[in-house]
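J.: If you scroll down you'll find the structure; I have some questions about it.
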Amino acid sequence: MYNLLEKKMRGIHIELDDRQIQQFHRFYELLVEWNKVMNLTSITEYEEIVDKHFVDSLSIVENFNLDSVSKIIDVGTGAGFPGIPLKIAFPDIEMVLLDSLNKRIRFLNHVIEELGLKDIHTIHGRAEDYARQKEYREQFDLCVSRAVANLATLSEYCIPYVKRGGIFISYKSGNIDEEILESEKAVQVLGGRIEDVIKFQLPETDIGRSFVKIIKIKNTSGKYPRKSGTPAKEPIR
1134 MYNLLEKKMR GIHIELDDRQ IQQFHRFYEL LVEWNKVMNL TSITEYEEIV DKHFVDSLSI
1194 VENFNLDSVS KIIDVGTGAG FPGIPLKIAF PDIEMVLLDS LNKRIRFLNH VIEELGLKDI
1254 HTIHGRAEDY ARQKEYREQF DLCVSRAVAN LATLSEYCIP YVKRGGIFIS YKSGNIDEEI
1314 LESEKAVQVL GGRIEDVIKF QLPETDIGRS FVKIIKIKNT SGKYPRKSGT PAKEPIR
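Next comes the structure, spelled out in structure tokens:
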């Protein structure tokens, strides 16, 4: 199993040491174990988890230089994607994982302890609420999210966390051209600019993915994000 993980990671130019390989393997074991009692992922086969969770999470390195990043927030992290794989591969980056379900946060805290990860912490709650707190608002070099919300809604959740000059990257799948067009106003209102849309396939698979790269060009207005629930019900158009 280790050889498969190493081979797949080399496909995106990531070299793992023995400790990192062990951490990924233990993460897989915990994911499968906890998935028996809570719905963390519909994917449980090792190779599929490597492709669709581990490699997918880290494929950002093909198009974005993480060397300039010191602080990341993963909004709507779910079972820890992409945040945990990013933290394993880049242990010196400070990581915050945010999710609205407490049972997922309990799982993530267990993973963090079991894997011996440092400078990573979890927060339980809604993205709209934490984005208004001084401790988190406009404090991050990079915000990432694999959440399934449309890009206009997701931008309102995520852009407020990004400092001026920082980046928000949304992990997307499928045809997103129309979604991008519909989100342009929201991105602009929130202080961002869509800089690039990178479409690609995960190595040795037929899985199509896209990264939407949004740069923060000015501070987000104090009226955003709006109160909990509003960004999803009434996206900025």
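So the sequence shown is numbered by the numbering used here: it starts at 1134 and just counts up by one.
We put the beta carbon where it would ideally sit given N, CA and C, even for glycine.
If we count Cβ pairs, one from each stretch, closer than 8 Å, do we get three or more for the stretch 1323-1330 versus the stretch 1213-1225?
T.: With a cut-off of 8 Å, the stretch 1213-1225 and the stretch 1323-1330 do not count as touching, because too few Cβ pairs lie within range.
J.: Which same chain residues, not among the five before or five after residue 1241, have their C-beta less than 6 Å away from its C-beta?
T.: The residues are 1213, 1230, 1255.
J.: Helix, strand or coil for residue 1259 per DSSP?
T.: In this structure, residue 1259 counts as coil in the three-state DSSP scheme.
J.: Measuring straight from C-alpha to C-alpha, what distance separates residue 1289 and residue 1261?
T.: Distance between the alpha carbons of residue 1289 and residue 1261: 8 Å.
J.: Quick one: what does DSSP say residue 1334 is sitting in, helix, strand or coil?
T.: Strand, per DSSP.
J.: Could you check how far apart the C-beta atoms of residue 1209 and residue 1184 are, in whole angstroms? I think they sit under 8 Å.
T.: Between residue 1184 and residue 1209 the Cβ distance is about 21 Å, and since that is not below 8 Å, they are no contact.
J.: Relative to the C-alpha of residue 1144, which residue among 1176, 1368, 1337 is closest?
T.: Nearest of 1176, 1368, 1337 to residue 1144, Cα basis: 1337.
J.: Please report the distance separating the alpha-carbon of residue 1305 from that of residue 1286.
T.: For residue 1305 and residue 1286, the distance between alpha carbons rounds to 14 Å.
J.: Under 8 Å by Cβ, that's how I've got residue 1159 and residue 1215 pegged, so tell me the actual separation to the nearest angstrom.
T.: With 8 Å as the limit, residue 1159 and residue 1215 do not qualify as a contact, their Cβ atoms being about 18 Å apart.
J.: Do residue 1239 and residue 1361 have their C-beta atoms within less than 8 Å of each other?
T.: Their beta carbons are not under 8 Å apart, which means residue 1239 does not touch residue 1361 by this criterion.
J.: Over what stretch of residues does the alpha helix (DSSP H) that includes residue 1220 continue unbroken?
T.: 1216-1222 is the span of the alpha helix (DSSP H), which, as asked, contains residue 1220.
J.: Would you list the residues sitting across from residue 1228 in a DSSP beta bridge?
T.: 1205, 1253, per the DSSP bridge assignment.
J.: Residue 1371 by DSSP, collapsed to three states: which one?
T.: Residue 1371 is absent from the structure shown; the chain starts at 1134 and stops at 1370.
J.: Nearest CA to the CA of residue 1274: which residue from 1341, 1263, 1206, 1264?
T.: Per the Cα distances, 1206.
J.: According to DSSP, is residue 1314 helix, strand or coil?
T.: Residue 1314 falls in the helix class under three-state DSSP.
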